Amino acid sequence: MPNNNEYTIYICEGTGCVSGKSHEIRLALEHKIAEQGLNNVKVDFTGCHGFCEQGPIAIIEPNEIFYTRLTINDVDEIVQSHIMEGKPVERLFFKDPISNRSIPYYRDINFYRKQQRIILRNCGHINPEKIEDYIEREGYNALKKVLGQMTSLQVIEEIKQSGLRGRGGAGFPTGMKWEFCQKEQSDIKYMICNADEGDPGAFMDRSIMEADPHTVIEGMTIAAYAIGAGEGYIYIRAEYPLAVKRLRIALQQSENMGFIGDNILGSEFSFKIHVNEGAGAFVCGEETALMASIEGKRGMPRPRPPFPAQSGLWGKPTTINNVKTLATVPVIINKGSEWYSKIGTDKSKGTAVFALTGKISNSGLVEVPMGMTLREIIYDIGGGLIGGKDFKAVQNGGPSGGCLPASALDLPVDYERLAAAGAIMGSGGMIVVDSQTCMVDLAKYFLSFTQEESCGKCVMCREGTLQMLKILEDIIEGNGKEEDIDLLLELAKAVQAGSLCALGGTAPNPVLTTIRYFRDEYEAHIKEKRCPALVCKNLINFYILPDKCQGCGICKRGCPVDAISGDKRMIHIIDQNKCIKCGNCLDVCPERFNAVTKVSGEKLQVPQEPIAVGSWQNSESEEKL
Amino acid sequence: MATTISSVLNQHSRDRRNLIPILQKVQEKEKYLSPASISEISGYVGISENDVYSVASFYSQFRFTKPGEHTVKVCLGTACHVRGGARVLETVERELKIKPGETTADGKYSLETVACIGACALAPTMVLDNEVQRSMTPQKVVDLLKSRNKAENDAK
Ligand SMILES: Cc1cc2nc3c(=O)[nH]c(=O)nc-3n(C[C@H](O)[C@H](O)[C@H](O)COP(=O)(O)O)c2cc1C
Ligand code: SF4
Ligand code: SF4
Ligand code: FES
Numbered sequence: 000m001p002n003n004n005e006y007t008i009y010i011c012e013g014t015g016c017v018s019g020k021s022h023e024i025r026l027a028l029e030h031k032i033a034e035q036g037l038n039n040v041k042v043d044f045t046g047c048h049g050f051c052e053q054g055p056i057a058i059i060e061p062n063e064i065f066y067t068r069l070t071i072n073d074v075d076e077i078v079q080s081h082i083m084e085g086k087p088v089e090r091l092f093f094k095d096p097i098s099n100r101s102i103p104y105y106r107d108i109n110f111y112r113k114q115q116r117i118i119l120r121n122c123g124h125i126n127p128e129k130i131e132d133y134i135e136r137e138g139y140n141a142l143k144k145v146l147g148q149m150t151s152l153q154v155i156e157e158i159k160q161s162g163l164r165g166r167g168g169a170g171f172p173t174g175m176k177w178e179f180c181q182k183e184q185s186d187i188k189y190m191i192c193n194a195d196e197g198d199p200g201a202f203m204d205r206s207i208m209e210a211d212p213h214t215v216i217e218g219m220t221i222a223a224y225a226i227g228a229g230e231g232y233i234y235i236r237a238e239y240p241l242a243v244k245r246l247r248i249a250l251q252q253s254e255n256m257g258f259i260g261d262n263i264l265g266s267e268f269s270f271k272i273h274v275n276e277g278a279g280a281f282v283c284g285e286e287t288a289l290m291a292s293i294e295g296k297r298g299m300p301r302p303r304p305p306f307p308a309q310s311g312l313w314g315k316p317t318t319i320n321n322v323k324t325l326a327t328v329p330v331i332i333n334k335g336s337e338w339y340s341k342i343g344t345d346k347s348k349g350t351a352v353f354a355l356t357g358k359i360s361n362s363g364l365v366e367v368p369m370g371m372t373l374r375e376i377i378y379d380i381g382g383g384l385i386g387g388k389d390f391k392a393v394q395n396g397g398p399s400g401g402c403l404p405a406s407a408l409d410l411p412v413d414y415e416r417l418a419a420a421g422a423i424m425g426s427g428g429m430i431v432v433d434s435q436t437c438m439v440d441l442a443k444y445f446l447s448f449t450q451e452e453s454c455g456k457c458v459m460c461r462e463g464t465l466q467m468l469k470i471l472e473d474i475i476e477g478n479g480k481e482e483d484i485d486l487l488l489e490l491a492k493a494v495q496a497g498s499l500c501a502l503g504g505t506a507p508n509p510v511l512t513t514i515r516y517f518r519d520e521y522e523a524h525i526k527e528k529r530c531p532a533l534v535c536k537n538l539i540n541f542y543i544l545p546d547k548c549q550g551c552g553i554c555k556r557g558c559p560v561d562a563i564s565g566d567k568r569m570i571h572i573i574d575q576n577k578c579i580k581c582g583n584c585l586d587v588c589p590e591r592f593n594a595v596t597k598v599s600g601e602k603l604q605v606p607q608e609p610i611a612v613g614s615w616q617n618s619e620s621e622e623k624l
Numbered sequence: 000m001a002t003t004i005s006s007v008l009n010q011h012s013r014d015r016r017n018l019i020p021i022l023q024k025v026q027e028k029e030k031y032l033s034p035a036s037i038s039e040i041s042g043y044v045g046i047s048e049n050d051v052y053s054v055a056s057f058y059s060q061f062r063f064t065k066p067g068e069h070t071v072k073v074c075l076g077t078a079c080h081v082r083g084g085a086r087v088l089e090t091v092e093r094e095l096k097i098k099p100g101e102t103t104a105d106g107k108y109s110l111e112t113v114a115c116i117g118a119c120a121l122a123p124t125m126v127l128d129n130e131v132q133r134s135m136t137p138q139k140v141v142d143l144l145k146s147r148n149k150a151e152n153d154a155k
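As they're listed, the protein sequences go chains A and B. Be aware that the first sequence starts at 0, since it is given in numbering that gives the first Met the number 0, and climbs by one per residue. Be aware that the second sequence starts at 0, since it is given in numbering that gives the first Met the number 0, and climbs by one per residue.
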């Protein structure tokens, strides 16, 4: 960005940072700078940098000094020290979770260093509400090139050559998809951007739309040109109000500058884009359900063929692409298919964006070339697990995906290899868990999600998943039977076979992969009535350790159901019949006492009634004598 | 006859494709879809009330009862789930003495669950009115609700 300012402060105003009051921080900065009469500083905002966990984030130019976890109280010091005295504020630097060193510069942070940002190229570097910022970074050049120099067939050929595959989950070759639709004879065709982002635990598409909405619009317009569509829809989750707002602003700006609308850039090509907000139905991420929803109907999938390319929205040829797929298109047009096809693996070209979350140190958005191993993503970029804990599993692809164990860490990530291991690439959710997550519980979590979201059309998807869910609930509650695992496997097959759409077809995946890789955990629940992760409520107990309790009474006050008894200086006791296993007592017991413990499959010896602190040791040793 | 929702209806053509956007706009204005609104929408778009209801009830966004003054939405997405979302929900349930989908007797709070608001890196999250609350713990839930109640009482 050209400016004559000595300093530019970019505050992140993505959903994550806004929740940390970044907007107020920006206003305070502007106020302070005005108050000090400084005219060499510009304050601006960007969309999501993808490192939300460290937010609110600011980048200060020159040199891209990276500040983390800002609060309003840091504003004065930033202005005084960094801007007025030229001394960056060290305590706000990012602290590397492994080396514990403070790192001042954006480019030196491991989280970013190993990434290759193509889809996310502009995220965090431009003001998403200013089209000028996008244009400055080659924005709309690809559209100009396409309209000025290329036929629709040439565009399709270029995308085919690049090897780009759909980033919405299934990985279908994008060029081929466009070709199917291009070939259809019809005066009306539609181009749809799938921004429904249904995976409950992923935010790749949200971040892109919040941080770089124009790239989605540009990609979509190029796609529309290629297939010959005059009208387009962006179908976006209603849970993303900020993304909706930024998209609408961007569309208006784009139309004002003639990048969409009638006779784009003086050509014959016209294209209009509508924004439709979803209404909270996961199944509407499925293409045919999505189209039914745009038509104002219940979002129920229908059988294919006919494929959307032949008969889609209102019966017209339609192409549907994911946000990330479309965001990649302008880069491929600008840099060429040859450049793009050199990135990635044999069959999976380009980069993949993941929302790396769960028990990971550096939680956030990660873009890496296909073929990088899970280990590199989780350890080199993600900084390993929180608190240096041991890795247990990684879940890819949300409710349609699978859980992979530590033995899969060296697996290079691409469509084929993840599928072979039982997981899927999915849309980009990547959730890392440690020993505190119960794999049976996690499988149940996903299955109850899909069960709830099943549109109900297919019996196996509706009832089969319900049966599976009941079995999982039994296992979790300690009522599992030995034959349950086989029964689950059998039902899984039936659900896969008897479902019309991929919601049902992939619903058993989380169960299948957890049985495949964590069967011992199922068996512990069934045979020993024990939850190794200490999660399943019916199988765990909380105890106050009599040799550690100092009778401070903090747990007693924190117990919501008065299950704890004991006066000051007395060893406290939990009434197991009253306890609802909320875990508060474990949280609040002071670390120096560490007197509350959680166990599964065992009973601890504790006094029946509160007794004086210090008197337990004796009774125990007496018993032993 | 002008009703409270006619201003919303008039912004859309009488076309089935506008049904969901209309339902959304009406709910935004009225906070829920009352039988009267459904009936008016049905008349405006020209589809039977049954049909309007059948579409609306398919989507979890739509409510058919009046929500409380404030809405608490607890995220039960995967990232929040593995970082203790269920405990956050249990705490809210206990504090407000309601289950998801319900409203407190005094009409103050409604409780809902949501599957990911896209702030997974800050898990577990919840949304109080339109503000995202990050890295929640049972204790933070208790404190937050207390401070809100106190602020409201002070304001009175
Ligand atoms: C139940 C279900 C939910 C889906 N959710 C999404 C979604 O949220 N976003 C998405 O892009 N694709 C989703 N898909 C995949 C889409 O149906 C479709 O394959 C994709 O949008 C195509 O775009 P692509 O070729 O660019 O990947 C979902 C599929 C199913 C069966
Ligand atoms: S598989 Fe499930 S979600 Fe898909 S159409 Fe059948 S019932 Fe509906
Ligand atoms: S786990 Fe919860 S209910 Fe049980 S004793 Fe502890 S604080 Fe009380
Ligand atoms: S899972 Fe809760 S915000 Fe994404």
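Don't be surprised by glycine CBs; every beta carbon is placed ideally from N, CA and C. Quantities reported herein were computed from a predicted structural model and do not represent experimental measurements.
Along chain A, in chain order, which residues have C-beta atoms closer than 7 Å to that of L121 of chain B? G15, S18, C51 and E52
Count the other CB atoms, across all protein chains shown, that sit within 10 Å of the CB of D132 of chain A; report buried if there are 16 or more and exposed otherwise. buried
For L408 of chain A, name the three-state secondary structure that DSSP assigns. coil
When A:Q251, A:I293 and A:P589 are compared against K555 of chain A, the one with the closest alpha-carbon: A:P589
Given this structure, state the Cα-to-Cα distance separating Y414 of chain A from G397 of chain A, to the nearest angstrom. 15 Å
Segments assigned alpha helix (DSSP H), at least 4 residues, entirely inside the region 371-441 of chain A: 414-419
Who's in the neighbourhood of ligand 2, going by beta-carbon under 7 Å from any heavy atom, listed in chain order? A:V282, A:E285, A:M299, A:P300, A:S453, A:C454, A:G455, A:K456, A:C457, A:C460, A:R461, A:S498, A:L499, A:C500, A:L502, A:G503 and A:G504
When the Cα atoms are used, what is the spatial distance from N537 of chain A to T513 of chain A? 20 Å
Is the beta carbon of K65 of chain B less than 8 Å from the beta carbon of V126 of chain B? no
Could you tell me whether the region 257-273 of chain A touches the region 436-452 of chain A, where touching means 3 or more Cβ pairs closer than 8 Å? no
Any non-hydrogen atom of ligand 1 closer than 7 Å to A222 of chain A Cβ: no
Quick one: which unbroken alpha helix (DSSP H) runs of 4-plus residues sit fully inside the region 205-235 of chain A? Chain order, please. 212-226
Which residues mark the beginning and the end of the beta strand (DSSP E) in which Y104 of chain A is found? Careful: Y104 of chain A lies outside any beta strand (DSSP E) and carries neither H nor E.
Determine whether the Cβ of E619 of chain A lies closer than 8 Å to any Cβ atom of chain B. The pLDDT assigned to E619 of chain A is 49, lower than 50, so where the model puts this residue is not dependable; a value taken from the coordinates is nonetheless given after this. By this cut-off, E619 of chain A is not an interface position.
Can you tell which of A:T220, A:A418, A:I293 and A:S447 has its C-alpha closest to the C-alpha of S151 of chain A? A:T220
Sequence-distant residues of the same chain with beta carbon closer than 8 Å to R13 of chain B, five excluded per side: Y43, V44 and G45
Counting only beta-carbon separations shorter than 8 Å, does R68 of chain A have a partner in chain B? no
For I21 of chain B, which residues from the same chain have a beta carbon less than 8 Å from its beta carbon, with the 5 sequence-adjacent residues on both sides left out? V7, L8, H11, I40, Y43 and V44
Tell me the DSSP secondary structure of M0 of chain A in three-state form. Confidence at M0 of chain A is low in this model, with a pLDDT of 39, below 50, so its placement is unreliable and the value that follows should be read with caution. DSSP places M0 of chain A in coil when its eight states are reduced to three.
Proximal residues to Y31 of chain B (C-beta, below 7 Å), its chain only, five neighbours per side dropped: R62, F63, T64, K65 and P66
Compare the beta carbon distance of I332 of chain A and I359 of chain A with 8 Å and say whether it is the shorter of the two. no
Do you know offhand how far R303 of chain A's Cα is from Y58 of chain B's? 23 Å
I need the straight-line Cα distance from N2 of chain A to G277 of chain A, nearest angstrom please. Confidence at N2 of chain A is low in this model, with a pLDDT of 46, below 50, so the placement of that residue is unreliable and no value is reported for it.
Measuring alpha carbon to alpha carbon, tell me which residue in A:F110, A:G54 and A:C500 is nearest M299 of chain A. A:C500
I need the straight-line Cα distance from Y224 of chain A to Q148 of chain A, nearest angstrom please. 12 Å
Please state whether the Cβ-Cβ distance between G335 of chain A and I342 of chain A is less than 8 Å. no
Test: P307 of chain A CB closer than 8 Å to a CB of chain B: no
Status (buried if at least 16 other CB within 10 Å, exposed otherwise) for D198 of chain A: buried
Is there a Cβ of chain B sitting closer than 8 Å to that of I430 of chain A, yes or no? yes
Just verifying my parser: in three-state terms, what is the DSSP assignment at E619 of chain A? Residue placement at E619 of chain A is poorly supported in this model, since its pLDDT is 49, which falls under 50; the coordinates still yield a value, given next. Residue state, collapsed to three classes: helix.
So, does the CB of L18 of chain B fall closer than 8 Å to a CB anywhere in chain A? yes
Which one or two residues does DSSP pair with Q132 of chain B in a beta bridge? B:M125
At a threshold of 7 Å, does A169 of chain A count as lining ligand 1 (C-beta to nearest heavy atom)? yes
Any heavy atom of ligand 4 closer than 7 Å to the beta-carbon of C119 of chain B? yes
With 16 as the cutoff for other CB atoms within 10 Å, does L18 of chain B come out buried or exposed? buried
By a C-beta neighbour count over all protein chains shown, 10 Å radius and 16 as the cutoff for buried, is K443 of chain A buried or exposed? buried
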